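Asks: So the protein lines, in turn, are chains Y and P.
Position one of the first sequence corresponds to residue 546 (this note's numbering), numbered consecutively onward.
Position one of the second sequence corresponds to residue 122 (this note's numbering), numbered consecutively onward.
All C-beta atoms, glycine included, are put in the ideal place defined by N, C-alpha and C.
Given the structure is predicted, the values throughout are model-derived calculations rather than measurements.
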Amino acid sequence: MAETPAAASPTPVLADDIAAYLRRRARWSPLEIAFWIFAFASIWLFPDKYLILKDTAILALFALSLDLILGYAGIISLGQAAFFGVAGYFSGLVAKYGLINEPVIALVCSGLVAAAFGFVTSFLVLRGSDLTRLMVTLGVSLMLGEVANRYANITGGADGLQGVDIAPVLGRWSFDLYGHNGYVYCLIVLFVCFVIARRIVYSPFGLSLRSVKGNPLRAAAIGIPVKWRLVAIYTIAAGFAGIAGALLTQTTAFCSLDVFSLERSADLLLVLIIGGTGYLYGGLIGAVIYKFLQDWIATLTPQYWQFWIGLVLVVIVLVGRERVEGAIAAARGFLARLGDRLWTRIRPRSAALGGATDGR
Amino acid sequence: MPILETIGLEKRFGGILAAANVNLSVEKGARHALIGPNGAGKTTVINLLTGVLKPTAGRIMLEGRDITDAAPHQRVRLGMARTFQINQLFLDLTPLESIGLVISERLGTGADWWRVVGSMSAVTGEIVEIVERFRLADVMHERTATLPYGKQRLLEIALAFACRPHVLLLDEPAAGVPEAERHELLATIEALPAEVTVLLIEHDMDLVFSFADRISVLVNGALFVDGAPEDVARDPRVKAVYLGEELDA
Numbered sequence: 546m547a548e549t550p551a552a553a554s555p556t557p558v559l560a561d562d563i564a565a566y567l568r569r570r571a572r573w574s575p576l577e578i579a580f581w582i583f584a585f586a587s588i589w590l591f592p593d594k595y596l597i598l599k600d601t602a603i604l605a606l607f608a609l610s611l612d613l614i615l616g617y618a619g620i621i622s623l624g625q626a627a628f629f630g631v632a633g634y635f636s637g638l639v640a641k642y643g644l645i646n647e648p649v650i651a652l653v654c655s656g657l658v659a660a661a662f663g664f665v666t667s668f669l670v671l672r673g674s675d676l677t678r679l680m681v682t683l684g685v686s687l688m689l690g691e692v693a694n695r696y697a698n699i700t701g702g703a704d705g706l707q708g709v710d711i712a713p714v715l716g717r718w719s720f721d722l723y724g725h726n727g728y729v730y731c732l733i734v735l736f737v738c739f740v741i742a743r744r745i746v747y748s749p750f751g752l753s754l755r756s757v758k759g760n761p762l763r764a765a766a767i768g769i770p771v772k773w774r775l776v777a778i779y780t781i782a783a784g785f786a787g788i789a790g791a792l793l794t795q796t797t798a799f800c801s802l803d804v805f806s807l808e809r810s811a812d813l814l815l816v817l818i819i820g821g822t823g824y825l826y827g828g829l830i831g832a833v834i835y836k837f838l839q840d841w842i843a844t845l846t847p848q849y850w851q852f853w854i855g856l857v858l859v860v861i862v863l864v865g866r867e868r869v870e871g872a873i874a875a876a877r878g879f880l881a882r883l884g885d886r887l888w889t890r891i892r893p894r895s896a897a898l899g900g901a902t903d904g905r
Numbered sequence: 122m123p124i125l126e127t128i129g130l131e132k133r134f135g136g137i138l139a140a141a142n143v144n145l146s147v148e149k150g151a152r153h154a155l156i157g158p159n160g161a162g163k164t165t166v167i168n169l170l171t172g173v174l175k176p177t178a179g180r181i182m183l184e185g186r187d188i189t190d191a192a193p194h195q196r197v198r199l200g201m202a203r204t205f206q207i208n209q210l211f212l213d214l215t216p217l218e219s220i221g222l223v224i225s226e227r228l229g230t231g232a233d234w235w236r237v238v239g240s241m242s243a244v245t246g247e248i249v250e251i252v253e254r255f256r257l258a259d260v261m262h263e264r265t266a267t268l269p270y271g272k273q274r275l276l277e278i279a280l281a282f283a284c285r286p287h288v289l290l291l292d293e294p295a296a297g298v299p300e301a302e303r304h305e306l307l308a309t310i311e312a313l314p315a316e317v318t319v320l321l322i323e324h325d326m327d328l329v330f331s332f333a334d335r336i337s338v339l340v341n342g343a344l345f346v347d348g349a350p351e352d353v354a355r356d357p358r359v360k361a362v363y364l365g366e367e368l369d370a
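1. Please state if the CB of P/Thr189 and the CB of Y/Ile563 are separated by a distance shorter than 8 Å.
2. Hey, would you say Y/Gln707 sits closer than 8 Å to Y/Gly716, going by beta carbons?
3. To the nearest angstrom, report how far apart P/Leu138 and P/Asp327 are at their CA atoms.
4. Around the C-beta of P/Val197, are 16 or more other C-beta atoms found within 10 angstroms, so that it is buried, or is it exposed?
5. To the nearest angstrom, how far is the alpha carbon of Y/Ile788 from that of Y/Leu683?
6. Taking the CB atoms as reference points, tell me whether Y/Tyr779 and Y/Ser686 lie closer together than 8 Å.
7. Along chain Y, in chain order, which residues have C-beta atoms closer than 7 Å to that of P/Leu174?
8. Relative to the alpha-carbon of Y/Tyr907, which residue among Y/Gly823, Y/Ala811, Y/Tyr824, Y/Asp561 has its alpha-carbon at the smallest distance?
9. When you check each C-beta in the segment 205 to 229 of chain P against every C-beta of chain Y, which residues fall closer than 8 Å?
10. Just the Cα atoms here: how many angstroms apart are Y/Gly633 and Y/Met688?
11. Quick one: is Y/Tyr566 near chain P, going by C-beta distance under 8 Å?
12. Which residues in chain P have a C-beta closer than 8 Å to the C-beta of Y/Ser756? List them in chain order.
13. With distances taken between CB atoms, is the gap from P/Gly179 to P/Ala192 smaller than 8 Å?
14. Can you list, in chain order, the residues of its chain whose CB lies under 7 Å from that of Y/Tyr849, leaving out five sequence neighbours each side?
15. Could you spell out the range, first to last residue, of the alpha helix (DSSP H) harbouring P/Ser337?
16. Looking at Y/Ser636: is its Cβ nearer than 8 Å to the Cβ of Y/Thr797?
17. For P/Leu155 versus P/Ile322, is the C-beta distance shorter than 8 Å?
18. Where does Y/Gly900 land, buried or exposed, given buried means 16+ other C-beta within 10 angstroms?
19. Using a cut-off of 7 Å between C-beta atoms, extract the partners of Y/Gly768 located in chain P.
20. Nearest-angstrom Cα distance between Y/Ile733 and Y/Ser674?
21. Whole angstroms is fine: what's the gap from Y/Gly624's alpha carbon to P/Arg133's?
22. Quick check on Y/Trp853: does DSSP put it in helix, strand or coil?
23. Do Y/Phe785 and Y/Leu613 come within 8 Å of each other at the CB atom, strictly closer than that value?
24. Do the CB positions of Y/Ile818 and Y/Leu858 come within less than 8 Å of each other?
25. In chain order, what residues of the segment 294 to 310 of chain P put their CB closer than 7 Å to some CB of chain A?
Shown next, in the form of structure tokens:
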């Protein structure tokens, strides 16, 4: 993209400053790049953990979908499982009956079906307060769960959808027993979806969502059609949740009623409480911590792991993530000062400079 | 033809008549002030004009077009923007982001979900102009929530101005601004371009009489007096009802 500098403006310095700031704003930070390098390195680093890694990637994508509406548009939901489940069954059925054999195409179609369903139900969510939204979204996913249960001839009911046979991805990579290909597939899909989500939140549309979240009254007063922006992001997020659901079905070759369960939606809120909202990585980091914490505690006390998960959550909420982040920032500052001090010992000539910065 | 006109505008809240048969007429390019004692219905009229409230009866015409049934965001696109008596800002965004957002909405790129904010130089140039006009350059990278009140008040107007309105409604722009920051605010309001029609709602009589070239007085939801500032200042009924009360307060 060619950018013409605003040289004609009265104050080129200010214009350049603003242009540079706006460009910098959306740039990938080194921390982000490191995050994704590590994520992809996990394929080689942890070959014995593919199954939990795959579940983590799916949960992360699912949490990303909730973060899009909760963190960026302020819509709280206990019903993301509705879209997860609709797409989960859709991808299972098209594979079972051989309607769409190629998994990637089926995945995209499942996402679109979930998005269409999200669009239709978004109008229910526009009205009312947080509590109303919690109840409406929860209600929708519970109703779908019952519908899936009722039409057992199609969905397999309580036994789950059996006989799903997933073709190799792009006709080449089949899902093996060790989960290697499954994990790589999920990770790539997660990455692609993340890049799209990142693009969305840094776009003018994403900025307008944050303004709607911050002050809907003013957003309307500067010409933003608040309602349609919320419909749009709810629809997009439903599509993401759908892709996560389809991934689960495709990688397990199975789909059961619990895709619609309340627990699945509630887990998402826990993941975002752990990871934080409104910066996109919350869902990803939260999913990693949640899954591995769950795995680790479950090996220590297989019966009572939920107790410890609960305790961790209570502590996180009571202490507050801000304070944890504050402690990390303080530790970083301490290390920096320590570094400065060592530096001034090693290089006595810069002592005056070090003293001056210490004194601020 | 007046740029903004109300015809028999009425708003009822249950048994209370907050606006009664208001026939307000604002000429193009005017500096029009709407004044009145507390509870006279000034903010109700603003909320009716901008579409926050629906009138019980009457019509609103903007540049000859009936906008009575238009949604608030549509009125902005038709050329009318407002500020709020109590700041309504995006506290988590910086002034730069807020202004950039308004501009991109106006240029119709607000629904663009793929391009990065500010990748168009037209937006950058306009941000510069507005940031300078409203003296926000030195704080443009700070979170709005942390700005001094006077700067927040300037941003409040800057956001409405960035909509490039033909009619700008200022709802008590100087309310609560400390003396030290007042001058900057008033100078900025004075310097608004002449082609923008301004409808000012204000309690501060010094500001009203130094700024307005036409004044409408609202009492108990009805237009009481309407005229040039000298005439309004001389009008004995206005003195009795409004200025007198102001002195007693």
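Replies: From the atom records:
1. No.
2. Taking 8 Å as the cut-off, the beta carbon of Y/Gln707 is found no closer than this to the beta carbon of Y/Gly716.
3. If you take the alpha carbons of P/Leu138 and P/Asp327, they lie about 30 Å apart.
4. The residue is buried, with at least 16 neighbouring Cβ atoms inside 10 Å.
5. Taking the straight line joining both Cα atoms gives about 20 Å.
6. With respect to Y/Ser686, Y/Tyr779 sits apart: the two C-beta atoms are not nearer than 8 Å.
7. Per Cβ cutoff of 7 Å: no residues; P/Leu174 is ~12 Å from chain Y at best.
8. Limits of chain Y in this structure are 546 at one end and 905 at the other, which puts residue 907 of chain Y out of reach.
9. Under the 8 Å Cβ criterion, the segment 205 to 229 of chain P contributes Phe205, Gln209, Leu210, Phe211, Leu212, Asp213, Leu214, Leu217, Glu218, Ser219, Gly221, Leu222, Val223, Ser225, Glu226, Arg227.
10. Taking the straight line from one Cα to the other gives about 16 Å.
11. Contacts with chain P at 8 Å (Cβ-Cβ) include Y/Tyr566.
12. Neighbours of Y/Ser756 on chain P, chain order: Phe211, Leu214, Ser219, Leu222.
13. No. Outside cutoff.
14. Around Y/Tyr849: no qualifying Cβ.
15. Note, P/Ser337: premise wrong, no alpha helix (DSSP H); beta strand (DSSP E) at 335 to 340.
16. It is not a contact, given that the beta carbons lie outside the stated cut-off.
17. Contact: yes.
18. For Y/Gly900, the predicted structure reports a pLDDT of 42, less than 50, and the residue's modelled location is therefore unreliable. A value from the coordinates is still provided. Taking all protein chains in view, the Cβ of Y/Gly900 is surrounded by fewer than 16 other Cβ atoms within 10 Å, so the residue is classified as exposed.
19. The answer, in chain order, is His194, Val197, Arg198, Glu226, Arg227, Cys284.
20. So the alpha carbons of these two residues sit roughly 36 Å apart.
21. Going from the Cα of Y/Gly624 to the Cα of P/Arg133 covers about 40 Å.
22. Per DSSP, reduced to three states, the secondary structure at Y/Trp853 is helical.
23. The answer is yes: Cβ separation under 8 Å.
24. The beta carbons of Y/Ile818 and Y/Leu858 sit closer together than 8 Å.
25. Among the chains of the structure shown, chain A does not appear; the protein chains present are Y and P.
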